[in-house]
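Colleague: Supplied in structure tokens, the structure appears directly below.
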Amino acid sequence: MTHVLDPGTLAAGTRPGPGPGAPFDDVTRSDAALRAFLHGLPGVDQVGAEQRAATLGTRSIKTTAKAWAIDTAISMVDLTTLEGADTPGKVRSLAAKARRPDPEDPTAPSVAAVCVYGDLAGVAREALAGTGIHVAAVATAFPSGRASREVKLADVRDAVGNGADEIDMVIDRGAFLSGRYLEVFDEVVAVKEACGDAHLKVILETGELVTYDNARRASWLAMLAGADFIKTSTGKISPAATLPVCLVMLEAVRDFRAATGRQVGVKPAGGIRTTKDAIKHLVLVNETVGADWLSPDWFRLGASSLLNDLLLQRQKLRTGHYSGPDHVSVD
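In the UniProt record's numbering, the protein residues as written are 1 to 331.
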């Protein structure tokens, strides 16, 4: 099992900064101080984390609870298209599906957001006007993060200017894995500022971080820098969203709120394709951080094909039989 972080383990004299997401002055005063803090976090018991995630993943739920879980999962989806061949027409089609996931059933909830490249954020914003569905845009040289900070910040400002109200940034994994933690921290702070009123999701790319300890450290670093959400993956690297790494990140946001009073959301993304996958994540959320996070405001599922399976399973519960694959649109 992993350990709950005792707020008392924060460096002596640390305190929340003046605004939401502000860093702890003492923890981030230098690279050495930040390194000492991150490496002072309790280590993750790999076997314990994997066993707990596997155990929670086998939980069965009854029909009534399953119906609730499917609708909740639909409402948490960031419906995503991040391909070089994306077009305005494809984004408009995705936005239509986001608004009315099942055109034959108006009781099906809308999704949380449509996630696109920044140059198409304006198309999504126009197509989703008045719906309350968010427009998320990837930025900061997604998915590699390999660009100058000036270019990354321009990328963010362009996406926000085009209409994105959520920004999904990638951290510099090379800097993080080299131990240049303050460099990564400063970049997240700068991106947060460039976001203005837009919410910031910080992608850790956990498949490249290798260890659960690194996933925990990166989670804390992002939250200290002002992240509104921490996100597992770009979806372009394997492994992407796994239950154990999501468990580690959920424990991090739980401990961060206990230590600071600020709640941060979590977004697993990449490889979540089936209703079973989605429900496993909801069980993990409920058992790790509780009902406070069982809301699209605090938990998202980054996906493209997942919504189709959720809709097919939803119809099975309502009618007693599965529709053919042509019941749902191909994304």
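Don't be surprised by glycine CBs; every beta carbon is placed ideally from N, CA and C.
It should be emphasised that the depicted structure is a prediction, and the values quoted were computed from it without experimental measurement.
What do you get for V191, buried or exposed, if any count of 16 or more other CB atoms within 10 angstroms of its CB means buried?
Modeller: For this step, residue 191 is matched to residue 191 along the sequence shown. Residue environment: V191 is assigned as buried (16 or more neighbouring CB atoms within 10 Å of its CB, all protein chains considered).
Colleague: Could you say which of A113, L120, A303 and G43 lies nearest to D158 if we only look at CA atoms?
Modeller: The sequence position of residue 158 within the sequence shown is 158, counting from 1. If we check each option's Cα against that of D158, L120 comes out closest.
Colleague: I'd like to know whether the C-beta atoms of W293 and V285 end up nearer to each other than 8 Å.
Modeller: Position 293 of the sequence shown, counted from the start, is the residue given in the question as residue 293. Position 285 of the sequence shown, counted from the start, is the residue given in the question as residue 285. Going by C-beta atoms, W293 is nearer than 8 Å to V285.
Colleague: Report back the beta-carbon spacing between A194 and E183 to the nearest angstrom; my notes put them in contact at under 8 Å.
Modeller: Here residue 194 refers to the residue found at position 194 of the sequence shown. Here residue 183 refers to the residue found at position 183 of the sequence shown. About 17 Å; that fails the 8 Å criterion.
Colleague: Looking only at its own chain, which residues have a Cβ that is under 8 Å from the Cβ of L250, when we skip the five neighbours before and after it?
Modeller: Indexing the sequence shown from 1 puts residue 250 at position 250. Taken in chain order, the residues that qualify are V266, L284, V285, T288, V289 and W293.
Colleague: Starting from the Cα of T87, find the closest Cα among S75, A65, T107 and Y117 and give me that residue.
Modeller: Position 87 of the sequence shown, counting from 1, holds the residue named residue 87. When only C-alpha atoms are compared, the closest one is Y117.
Colleague: What did DSSP end up calling I279 once you bin it into helix, strand or coil?
Modeller: Residue 279 sits at position 279 when you count from the first residue of the sequence shown. If DSSP states are grouped into helix, strand and coil, I279 belongs with the helices.
Colleague: Could you check how far apart the C-beta atoms of P244 and A53 are, in whole angstroms? I think they sit under 8 Å.
Modeller: For the purposes of this step, residue 244 is identified with residue 244 of the sequence shown, where counting begins at 1. For the purposes of this step, residue 53 is identified with residue 53 of the sequence shown, where counting begins at 1. Their Cβ separation, rounded to whole angstroms, is 4 Å, which keeps P244 and A53 in contact under 8 Å.
Colleague: How close, in whole Å, do the beta carbons of A95 and V114 come, if the pair is a contact with beta carbons under 8 Å?
Modeller: For the purposes of this step, residue 95 is identified with residue 95 of the sequence shown, where counting begins at 1. For the purposes of this step, residue 114 is identified with residue 114 of the sequence shown, where counting begins at 1. Sure, about 6 Å apart at Cβ, within 8 Å.
Colleague: For the 8 Å Cβ check, are there 3 or more pairs between the stretch 202-214 and the stretch 224-242?
Modeller: yes
Colleague: Going by the CB atoms, is the gap between A129 and V111 shorter than 8 Å?
Modeller: Locating residue 111 in the sequence shown gives position 111, counting from the first residue. Locating residue 129 in the sequence shown gives position 129, counting from the first residue. Not in contact: V111 and A129 (Cβ atoms no closer than 8 Å).
Colleague: Pull up the distance between the alpha-carbon of T80 and that of S233, whole angstroms please.
Modeller: Here residue 80 corresponds to residue number 80 of the sequence shown, with the count starting at 1. Here residue 233 corresponds to residue number 233 of the sequence shown, with the count starting at 1. Cα to Cα, the separation comes out at about 13 Å.
Colleague: Please list, in chain order, all residues of the same chain as R125 whose beta carbon is under 6 Å from its beta carbon, the five residues on each side excluded.
Modeller: One-based indexing of the sequence shown puts residue 125 at position 125. V135 and G163.
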